[in-house]
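Okay, structure first, notes after.
Protein chains: 2
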Amino acid sequence: MNTETTSFVSGLPIASVERETGLSKDTLRVWERRYGFPTPERDANGERLYAPTQVQRLTQIKRLMDRGYRPGKLLALDDVALIALDEARPGALVTPNVLQLDTWMRLVKTHDSEALQRQFYRELAKRGLAGFVQDIVAPLIVRVGEAWSRNELGVFEEHLFSQHLEKMFRTVLANMSPQRGSPRVLLTTLSGEEHTLGLLMVEALMVVEDVYPVLLGPQTPIDEILRAAQLKQVDAVCLSFSSAYSSTLAAQGLRDLRQMLPAGIELWAGGYGVKAIRKTIDGVCLMPEFQDLYDGLAKWRTEHGRRSA
Amino acid sequence: MNTETTSFVSGLPIASVERETGLSKDTLRVWERRYGFPTPERDANGERLYAPTQVQRLTQIKRLMDRGYRPGKLLALDDVALIALDEARPGALVTPNVLQLDTWMRLVKTHDSEALQRQFYRELAKRGLAGFVQDIVAPLIVRVGEAWSRNELGVFEEHLFSQHLEKMFRTVLANMSPQRGSPRVLLTTLSGEEHTLGLLMVEALMVVEDVYPVLLGPQTPIDEILRAAQLKQVDAVCLSFSSAYSSTLAAQGLRDLRQMLPAGIELWAGGYGVKAIRKTIDGVCLMPEFQDLYDGLAKWRTEHGRRSA
DNA sequence: TTCATTTATTGTCCAGGACAAAGTGTTGAC
DNA sequence: GTCAACACTTTGTCCTGGACAATAAATGAA
Chain R
1 MNTETTSFVS GLPIASVERE TGLSKDTLRV WERRYGFPTP ERDANGERLY APTQVQRLTQ
61 IKRLMDRGYR PGKLLALDDV ALIALDEARP GALVTPNVLQ LDTWMRLVKT HDSEALQRQF
121 YRELAKRGLA GFVQDIVAPL IVRVGEAWSR NELGVFEEHL FSQHLEKMFR TVLANMSPQR
181 GSPRVLLTTL SGEEHTLGLL MVEALMVVED VYPVLLGPQT PIDEILRAAQ LKQVDAVCLS
241 FSSAYSSTLA AQGLRDLRQM LPAGIELWAG GYGVKAIRKT IDGVCLMPEF QDLYDGLAKW
301 RTEHGRRSA
Chain X
1001 MNTETTSFVS GLPIASVERE TGLSKDTLRV WERRYGFPTP ERDANGERLY APTQVQRLTQ
1061 IKRLMDRGYR PGKLLALDDV ALIALDEARP GALVTPNVLQ LDTWMRLVKT HDSEALQRQF
1121 YRELAKRGLA GFVQDIVAPL IVRVGEAWSR NELGVFEEHL FSQHLEKMFR TVLANMSPQR
1181 GSPRVLLTTL SGEEHTLGLL MVEALMVVED VYPVLLGPQT PIDEILRAAQ LKQVDAVCLS
1241 FSSAYSSTLA AQGLRDLRQM LPAGIELWAG GYGVKAIRKT IDGVCLMPEF QDLYDGLAKW
1301 RTEHGRRSA
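The listed protein sequences correspond, in order, to chains R and X.
Counted the way our numbering counts, the first sequence spans residues 1 to 309.
Counted the way our numbering counts, the second sequence spans residues 1001 to 1309.
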């Protein structure tokens, strides 16, 4: 039904490839110039047309880059070596009960929505919210991220998984939400960090701990965080960083924000991404582990007098 | 530790302006060349630095363009004329009850979370889900978007509003979700479109209409949409585009996807963003209005025989 | 080891030319 | 007067190839 009008060259224009791979047009062109890959055809007007195979390979390369490899190496490799790298394990994961997580992973891989949803609620009832978040959800998110970057899992399965988790969190939280506790904590991420699940996990833990969370969603510019913190009169601002976020950028952002934030408002940073931050930052509390969050809360409460747990 | 070295020129680099305004770097540069606006400073390295005032004006211009004006005219105008245009109502938005929307906007502006949440549920109960979505939520999202780009509203208020809406949708949907109806429709957006609210609105309408929605969340690459469509055996794929998404890119993406998608699976595109697409695309059903969705569903049902409404 | 300095890598920016798609205006047939 | 066909204008995207700063890697000193 389609396109007998198209000549025999066919493929995606550069804008589509940018959208699909997340590599900017500039990058695509400069790779071609420097490394001789990709090698798009040209249409009648001299514009690039990328073969689907090459687009696929570009996605693969992008994924490997997220795992830490550098383009110079990757673009020199042939297909065989590339796939070999893809298989290579990055370093043992720190999950406690691997067996059970494997069961979960199977559900994710077969995108069995109903079973996944059922399992979520069963496990939630069994462990309670805090235990469920720490022992199941958090490790599972790590596993899914790893599996994705290892190409064992498609974007589709990963999205479906996120949607189910999000749905579950929001349902559970909706029934507990109207809290009046303290401290009041602002929850968001810096621009560029789009992962919401970290925020939802923290919100869940906070609601249980009788904290009043103000959820802003992801990607709030720094000056708006500042404004929100003052208008909503929060006691602390808590940012979440996924492992994908550059640790340099994270540290810089935290410094910037700390500088502008009134001294009376604490600044906390959590998530897998803060593990990569080496140096402590003055006036910023780094919380790579869940336990750190509890410690931080306890500390705040003792410092601010009469407030129970 | 940073930057007493910064000179007295300051402003946003071109990449930030692209993100803020939605105008591509190429467009920004070509406007400067052709129309003499904007007129960014340069940093030590000769790179553009846009003054916040100009960025604001660019956002304003972008919004007017979305309303149908052409850049050639807009860029020739001075501030006064621009603001005059801005005040002028565009073909009177189709909101039935402007008065009530104003009340809502006041709640958004004062970020009164509790009142907003209460109002949501009250109005939902009064109008039913479909009526609520069409008469309140959709116009309100447009209003908030407009107010934001007119700088009457901060990012913070906009985020808070989105979070409340999302929470509400997910709560409501959680209680109705396990559906087995047909057709089965895959819901997602293309990479680059991050707005989720459109998807949630459509999901809500579909659940009421006894459709089985598969929600993938935003930003799925085309080949993954394809894979999901086949694995989940859907009858149609429905994409949502916000007004921020470039209509050229949207059209291109739809063409790309249509080409790869089996003929048996329909392709629908909804949201404010498709209004800007002029030409029809072969095999793609453009649904700028909610009514179009109902029509599309009805059409599908008559074509596929015995299935009630 | 650990830290500081040099060197290599890599993404983004720039200029300015070109062109096609979309919009606008004009003409003439009915 | 309406409408279709045509020419002209506007406008966004793509092109090349050069430059440079930010980051990572490698090297040397304490």
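Even glycine gets a Cβ: it sits at the ideal position worked out from N, Cα and C.
**Prompt:** Can you find a C-beta in chain X that's less than 9 angstroms from the C-beta of residue 155 (chain R)?
**Reply:** Walking along the first sequence from the start, residue 155 (chain R) turns up at place 155. True, the Cβ-Cβ gap to chain X drops below 9 angstroms.
**Request:** Would you mind sorting residue 1048 (chain X) into buried or exposed? The rule is 16 or more other CB atoms within 10 Å of its CB.
**Result:** As a first step, residue 1048 (chain X) must be located in the second sequence, where it is residue number 48. Classification of residue 1048 (chain X): buried, given that the 10 Å Cβ count is 16 or more.
**Message:** At the 9 angstroms Cβ level, is residue 182 (chain R) part of the contact set with chain X, yes or no?
**Reply:** Within the first sequence, numbered from 1, the residue matching residue 182 (chain R) stands at position 182. Residue 182 (chain R) does not count as touching chain X.
**Contact list for residue 29 (chain R) against chain X, beta-carbon separation under 9 angstroms** = On the first sequence, position 29 is the one that residue 29 (chain R) refers to. Correct list: empty, because the minimum Cβ distance to chain X is about 13 angstroms.
**Prompt:** Quick one: does residue 1054 (chain X) have its CB under 9 angstroms from some CB of chain R?
**Reply:** Residue 1054 (chain X) sits at position 54 when you count from the first residue of the second sequence. Closer than 9 angstroms: no.
**Asked** Does the Cβ of residue 218 (chain R) have 16 or more other Cβ atoms within 10 Å, making it buried, or fewer, making it exposed?
**Response** On the first sequence, residue 218 (chain R) is found 218 positions in, with the first residue counted as 1. Buried, since its Cβ has 16 or more Cβ neighbours within 10 Å.
**Asked** Which residues in the same chain have their Cβ closer than 7 angstroms to the Cβ of residue 1295 (chain X), if we skip the five residues on either side of it in sequence?
**Response** Here residue 1295 (chain X) corresponds to residue number 295 of the second sequence, with the count starting at 1. Same-chain partners within the cutoff: there are none.
**Message:** Which same chain residues end up closer than 6 angstroms to residue 191 (chain R) when comparing Cβ atoms and leaving out the 5 residues on each side of it in sequence?
**Reply:** Start at 1 with the first residue of the first sequence, and residue 191 (chain R) comes out as number 191. Taken in chain order, the residues that qualify are 219, 221.
**Start-to-end residues for the beta strand (DSSP E) that takes in residue 240 (chain R)** = Position 240 of the first sequence, counting from 1, holds the residue named residue 240 (chain R). Unbroken beta strand (DSSP E) run through residue 240 (chain R): 236–240.
**Asked** Name the chain X residues whose beta carbon is nearer than 8 angstroms to that of residue 20 (chain R)?
**Response** The residue you call residue 20 (chain R) lines up with position 20 of the first sequence. Here the neighbours are 1191, 1221, 1222, 1223.
**Prompt:** At least one CB of chain X closer than 9 angstroms to the CB of residue 12 (chain R): is that the case?
**Reply:** Counted from its first residue, the first sequence places residue 12 (chain R) at position 12. Taking Cβ atoms only, chain X reaches closer than 9 angstroms to residue 12 (chain R), which makes this a yes.
**Asked** Going along chain X, which residues have a C-beta under 7 angstroms from residue 162 (chain R)?
**Response** For the purposes of this step, residue 162 (chain R) is taken as the residue at position 162 of the first sequence. Simply 1217.
**Prompt:** Residues bridged to residue 1284 (chain X) by DSSP?
**Reply:** Translated into the one-based positions of the second sequence, residue 1284 (chain X) becomes position 284. For residue 1284 (chain X), which the question treats as bridged, DSSP gives the partners X:1267.
**Request:** Whole angstroms is fine: what's the gap from residue 1135 (chain X)'s alpha carbon to residue 1123 (chain X)'s?
**Result:** As a working note, residue 1135 (chain X) is residue 135 in the second sequence. As a working note, residue 1123 (chain X) is residue 123 in the second sequence. Looking at the two C-alpha atoms, the distance is approximately 10 angstroms.
**Request:** Determine the direct distance from the alpha carbon of residue 1259 (chain X) to that of residue 10 (chain R), and round the result to whole angstroms.
**Result:** On the first sequence, residue 10 (chain R) is found 10 positions in, with the first residue counted as 1. On the second sequence, residue 1259 (chain X) is found 259 positions in, with the first residue counted as 1. Those two C-alpha atoms are separated by around 12 angstroms.
**Request:** Classify residue 1058 (chain X) as helix, strand or coil using the three-state DSSP reduction.
**Result:** Looking up residue 1058 (chain X) in the second sequence gives position 58. Note: residue 1058 (chain X) maps to helix in three-state DSSP.
**Where residue 1050 (chain X) falls: helix, strand or coil (DSSP)** = Position 50 of the second sequence, counted from the start, is the residue given in the question as residue 1050 (chain X). Strand at residue 1050 (chain X).
**Asked** Using a C-beta cutoff of 9 angstroms, does residue 1252 (chain X) count as contacting chain R?
**Response** Numbered from its first residue, the second sequence carries residue 1252 (chain X) at position 252. It does: the Cβ of residue 1252 (chain X) has a partner Cβ on chain R nearer than 9 angstroms.
**Message:** Considering only DSSP beta bridges, list what residue 217 (chain R) is partnered with.
**Reply:** For this step, residue 217 (chain R) is matched to residue 217 along the first sequence. For residue 217 (chain R), which the question treats as bridged, DSSP gives the partners R:188.
**Prompt:** Does residue 91 (chain R) come within less than 9 angstroms of chain X when only Cβ atoms are used?
**Reply:** Counting from one through the first sequence, the residue named residue 91 (chain R) turns up at place 91. Residue placement at residue 91 (chain R) is flagged as unreliable, the pLDDT there being 47, under the threshold of 50; a coordinate-derived value is accordingly withheld.
**Asked** From X:1083, X:1166, X:1204, pick the residue whose C-alpha is nearest to that of residue 1131 (chain X); which is it?
**Response** Counting from 1 along the second sequence, the entry for residue 1131 (chain X) is found at position 131. Ranking X:1083, X:1166, X:1204 by Cα distance to residue 1131 (chain X) puts X:1204 first.
**Asked** With a CB to CB cut of under 7 angstroms and the five nearest residues on each side skipped, what residues in its chain are close to residue 1275 (chain X)?
**Response** Mapped onto the second sequence, residue 1275 (chain X) falls at position 275. Answer for residue 1275 (chain X): 1288, listed in chain order.
**Asked** Using DSSP with H/G/I as helix, E/B as strand and the rest coil, what is residue 12 (chain R)?
**Response** The sequence position of residue 12 (chain R) within the first sequence is 12, counting from 1. Reduced to three states, the DSSP call for residue 12 (chain R) is strand.
**Asked** Looking at residue 108 (chain R) and residue 157 (chain R), is the spacing between their C-beta atoms short of 9 angstroms?
**Response** Taking the first residue of the first sequence as 1, we reach residue 157 (chain R) at position 157. Taking the first residue of the first sequence as 1, we reach residue 108 (chain R) at position 108. Yes.
**Bounding residues of the alpha helix (DSSP H) (the contiguous stretch that carries residue 1279 (chain X))** = Position 279 of the second sequence, counting from 1, holds the residue named residue 1279 (chain X). Here residue 1279 (chain X) belongs to no alpha helix (DSSP H), and DSSP marks it neither H nor E.
**Asked** Are the C-beta of residue 232 (chain R) and some C-beta of chain X separated by less than 9 angstroms?
**Response** Taking the first residue of the first sequence as position 1, residue 232 (chain R) is located at position 232. Yes, its Cβ sits closer than 9 angstroms to a Cβ of chain X.
**Prompt:** Does DSSP classify residue 1212 (chain X) as helix, strand or coil?
**Reply:** On the second sequence, residue 1212 (chain X) is found 212 positions in, with the first residue counted as 1. Reduced to three states, the DSSP call for residue 1212 (chain X) is strand.
**Message:** Per DSSP, what are the beta-bridge partners of residue 1041 (chain X) in this structure?
**Reply:** The sequence position of residue 1041 (chain X) within the second sequence is 41, counting from 1. Partner(s): X:1049.
**Message:** Any beta carbon from chain X within less than 9 angstroms of residue 129 (chain R)'s own beta carbon?
**Reply:** Numbered from 1 along the first sequence, position 129 holds the residue referred to as residue 129 (chain R). Output row for residue 129 (chain R): interface = no.
**Asked** Of all the options X:1280, X:1291, X:1245, X:1261, which has the alpha carbon lying nearest to the alpha carbon of residue 1018 (chain X)?
**Response** Here residue 1018 (chain X) is taken as the residue at index 18 of the second sequence, counted from 1. Ranking X:1280, X:1291, X:1245, X:1261 by Cα distance to residue 1018 (chain X) puts X:1245 first.
**Prompt:** With 16 other CB atoms within 10 Å as the buried threshold, where does residue 50 (chain R) fall?
**Reply:** Sequence index remark: in the first sequence, residue 50 (chain R) carries index 50 (1-based). Its Cβ being crowded by 16 or more others within 10 Å, residue 50 (chain R) is buried.
**Asked** Can you tell me whether residue 1188 (chain X) is buried or exposed, with buried defined as 16 or more other CB within 10 angstroms of its CB?
**Response** Within the second sequence, residue 1188 (chain X) is the residue found at index 188, counting from 1. Buried, by the Cβ-count rule.
**Item:** residue 167 (chain R): contacting residues in chain X (beta-carbon distance under 9 angstroms)
**Value:** Locating residue 167 (chain R) in the first sequence gives position 167, counting from the first residue. Within 9 angstroms Cβ-Cβ: 1170, 1173, 1174, 1177, 1215.
**Request:** Within its chain, find whatever has a CB closer than 6 angstroms to the CB of residue 1243 (chain X); leave out the 5 residues flanking it on each side and keep chain order.
**Result:** As a working note, residue 1243 (chain X) is residue 243 in the second sequence. Correct list, in chain order: 1066, 1272, 1273.
**Test: residue 113 (chain R) CB closer than 9 angstroms to a CB of chain X** = If you number the first sequence from 1, residue 113 (chain R) lands on position 113. By this cut-off, residue 113 (chain R) is an interface position.
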